[in-house]
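A short worksheet on the structure shown next.
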Amino acid sequence: MSKSAINTVRTTLGVSGAVALIIGVFITFWPKDAAGVLTVLLAIYFLIAGLAYVGLGIFSRGISGGARALDIILGIVFVIAAIVAFANIAATAEVLAVLLGIVVGVVWIVEGIVALVQSGDAPSRGWAIFFGILSLIAGIVLLFSPIWGAIVLFVITGISLIILGIVQIVRAFTFGKGATV
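Residue numbers (the numbering used here): 46 to 226.
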């Protein structure tokens, strides 16, 4: 690799690592504020997407009237979602956390059932059964306390981003050190 290419990779690793580290620290130490920021970003997306769909429905002449009407309806739904989210950021963040907790809980239950059903064909049957039971228990616990589970998952994500950010920064400083140019 050329020196220029090595420097580009190092810069990319360093910047992405720093961003991951900062976001991870924010999520880990201020999860409520981070959830609020993510909710605001989602609300902004809803507003922009809604206006884009309404515009598409109004100004697109190359699509059918039914498709245009559906675009306008979808756009209005997005705009309403944005207004609701902006009206009460904290409540919207809690609802999103509960929904996330429920979805992950259901996925873990289904994943556990699949692992148990397929455990007879697994080369490591004991591990498959262990994983299936663990996944079922985790999914059930999450369904009974989805907001708590979502908070734990959120904080684990923050910790993971801190670790990944540090690793990326270390990689940025060490990448290409042994290469000859």
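Quick reminder that beta carbons are idealized off the backbone N, C-alpha and C, glycines included.
At the level of alpha carbons, what is the spacing between residue i and residue j?
{"i": "Gln163", "j": "Val85", "result": "42 Å"}
{"i": "Val228", "j": "Leu141", "result": "No answer is possible for residue 228: the residues shown for the chain start at 46 and end at 226."}
{"i": "Arg55", "j": "Arg216", "result": "7 Å"}
{"i": "Gly62", "j": "Ser49", "result": "20 Å"}
{"i": "Ile103", "j": "Pro191", "result": "40 Å"}
{"i": "Leu92", "j": "Ala112", "result": "20 Å"}
{"i": "Ala126", "j": "Asp116", "result": "15 Å"}
{"i": "Gly221", "j": "Ile51", "result": "6 Å"}
{"i": "Ile94", "j": "Val124", "result": "Residue identity differs from the one stated: residue 94 is Ala in this sequence, not Ile. Distance between the alpha carbons of Ala94 and Val124 is about 8 Å."}
{"i": "Ile128", "j": "Pro168", "result": "52 Å"}
{"i": "Ala132", "j": "Gly165", "result": "52 Å"}
{"i": "Gly171", "j": "Thr137", "result": "42 Å"}
{"i": "Val155", "j": "Ile185", "result": "11 Å"}
{"i": "Gly110", "j": "Thr57", "result": "46 Å"}
{"i": "Ile108", "j": "Ala130", "result": "31 Å"}
Measure from the alpha carbon of residue i to the alpha carbon of each residue in the options, then state which is nearest.
{"i": "Ile201", "options": "Arg170, Phe71, Val155 and Leu115", "result": "Phe71"}
{"i": "Leu96", "options": "Ile51, Val122, Gly81 and Leu83", "result": "Val122"}
{"i": "Ala79", "options": "Tyr98, Phe199, Trp172 and Gly102", "result": "Phe199"}
{"i": "Ile208", "options": "Asn133, Asn52, Ala65 and Val129", "result": "Ala65"}
{"i": "Pro76", "options": "Gly111, Ala126 and Glu139", "result": "Glu139"}
{"i": "Val17", "options": "Leu181, Gly171 and Ser169", "result": "Missing from the structure shown is residue 17; the chain here goes from 46 to 226 and no further."}
{"i": "Gly157", "options": "Gly203, Ala183 and Phe74", "result": "Ala183"}
{"i": "Ala203", "options": "Met46, Thr57, Phe74 and Thr53", "result": "Looking at the sequence provided, one finds Gly at residue 203 rather than Ala. Ranking the options by Cα distance to Gly203, first place goes to Phe74."}
{"i": "Ile211", "options": "Ile67, Met46, Phe131 and Asp166", "result": "Ile67"}
{"i": "Phe189", "options": "Val155, Gly223 and Val143", "result": "Val143"}
Who are the Cβ neighbours of residue i in its own chain at under 8 Å, not counting the five residues just before and after it?
{"i": "Ser205", "result": "Gly69"}
{"i": "Ile134", "result": "Gly81, Thr84, Val85 and Ala88"}
{"i": "Leu161", "result": "Ala173, Ile174, Gly177, Ile178 and Leu181"}
{"i": "Gly59", "result": "Gln213, Ile214, Ala217 and Phe218"}
Any heavy atom of the ligand HEM closer than 7 Å to the CB of residue i?
{"i": "Ile93", "result": "The model depicted lacks the ligand HEM and carries no ligand whatsoever."}
Looking only at its chain, what residues have a beta carbon closer than 6 Å to the beta carbon of residue i, apart from the 5 residues adjacent to it on each side?
{"i": "Leu145", "result": "Ala195"}
Below 7 Å CB to CB, which residues in the same chain sit around residue i once its five sequence neighbours on both sides are set aside?
{"i": "Gly100", "result": "none"}
{"i": "Leu187", "result": "Gly146, Val149, Gly150, Trp153 and Gly194"}
{"i": "Leu119", "result": "Tyr98"}
{"i": "Ser105", "result": "Arg113"}
Give the list of continuous beta strand (DSSP E) stretches no shorter than 3 residues that lie fully inside the stretch 113–199. Runs of the beta strand (DSSP E) spanning 3 or more residues and lying entirely within the stretch 113–199 do not occur at all.
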